[in-house]
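>
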Amino acid sequence: MDASKRVLWTEGLTKSFGGLLAVNNVDINVLEKTITMLIGPNGAGKTTLVNLCTGVLKPDSGKIYFLGKDITGWPSHKIYREGFVRTFQIPQPFLKLTVLENVLASLKSDAESPIKAPLRMTWLSREEESIERAFKILAKVGLDDLWYYEAFKLGGAQLKMLEVARALATGAKLIALDEPIGGVDPAYAGDILGYVRNIKETWNVTFLLIEHRIDIALPFADYVYVMDRGSVIFEGSPSEVEKNPRVIEVYLG
Ligand SMILES: Nc1ncnc2c1ncn2[C@@H]1O[C@H](COP(=O)(O)OP(=O)(O)OP(=O)(O)O)[C@@H](O)[C@H]1O
Ligand SMILES: [Mg+2]
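Just so we're on the same page, this note's numbering is the position in the sequence shown counted from 1, plus 9.
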């Protein structure tokens, strides 16, 4: 592993709920421009691990680093502003607003200069830039032709892609997706992950993906962590994961 390429890493991360060790001494490394996948049976601790990393929960012990900074104990809004976004942290789409308006609402505005701010021309050009940026993002998730649709008219898979688009609009460097193809028709599930892979390959964005349906998702992963009862029981490439006897035993059955 090339440590200089790490976007996120944890050291000895541990969290109990009462007597239950939900996350037990976990070390993970998420390298830049990868889709790093977290798999494991129900209750393995996947969501808890992501909650710890994004500041939704505080660890009992251990460390979390994001882009070289120790973010252990940071509140989630601060981690979000730093560029690590978990999709559920983004407010639900405004259902009566259009697809384009939803993305515009998530665009991170640059720090405004007190000198330029009163100039109308500056605002107009900023507005144009924002719309251009929003369309680039929408094209990446296949929603550019539907920019004028109100969000409530979108299908399940399209809503998931709008969620990804809004995460991108925040300028996130790392996006955590908890079961992005959950509840989506298998016919479209591959499309969603295909868009995610394309974004990862063409933009400087990294994905941490929790997924249940590994039959569909595994081919899109660059690296996989397998959790069981709070611990990482295996890590490796998707092909190694499929062949590992312990993984087959606890997960693939
Ligand atoms: N807030 C909480 N309070 C008490 N126990 C919790 C809490 N959150 C999670 N747990 C427990 O911690 C363990 C890990 O849960 P977690 O949700 O992280 O698993 P998961 O791998 O995401 O499972 P799933 O695949 O079902 O989403 C489970 O036994 C769960 O019941
Ligand atoms: Mg979960």
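Backbone N, C-alpha and C define an ideal beta-carbon position, used for all residues, glycine too.
Keep in mind that this is a model prediction, so the values were computed, not measured.
Arg238 by DSSP, collapsed to three states: which one?
Coil.
> Go ahead and label Glu138 buried or exposed: buried means 16 or more other beta carbons lie within 10 angstroms of its beta carbon, across all protein chains shown.
Exposed.
> For Val32 and Thr45, which I take to be in contact (beta-carbon distance under 8 Å), what is that distance rounded to the nearest angstrom?
About 16 Å separates the two Cβ atoms, so there is no contact after all.
> In chain order, what residues of the same chain lie with their CB nearer than 7 Å to the CB of Leu30, ignoring the 5 residues before and after it?
So the list reads Gly239, once near-sequence residues are dropped.
> How would you write the range of the alpha helix (DSSP H) that Arg206 sits in, first residue to last?
Per DSSP, Arg206 belongs to the alpha helix (DSSP H) from Pro195 to Thr211.
> Ala143 and Leu7 - do their beta-carbons sit closer together than 8 Å?
The first residue shown for the chain is 10 and the last is 262, placing residue 7 beyond what the model contains.
> How many Å lie between Leu116 and Arg255 at the Cα?
Looking at the two C-alpha atoms, the distance is approximately 44 Å.
> Just grab the DSSP bridge partners of Asn38 for me.
The partner list for Asn38 (beta bridge, DSSP) reads Trp18.
> Is Ala185 near ligand 1, judged by its Cβ being under 7 Å from some heavy atom?
No; taking the cut-off as 7 Å, the Cβ of Ala185 has no heavy atom of ligand 1 nearer than that.
> Just checking, does the region 228-238 make contact with the region 75-82 on the three C-beta pairs under 8 Å criterion?
No, the region 228-238 is not in contact with the region 75-82.
> Would you call the CB atoms of Ile223 and Ile48 closer than 8 Å?
Closer than 8 Å, so yes.
> So which residues put a beta carbon under 5 Å from any heavy atom of ligand 1, going in chain order?
Going by the Cβ distance cut-off, the answer is Phe26, Ala31, Asn51, Gly52, Ala53, Gly54, Lys55, Thr56 and Thr57.
> Can you tell me whether Pro84 is buried or exposed, with buried defined as 16 or more other CB within 10 angstroms of its CB?
Exposed.
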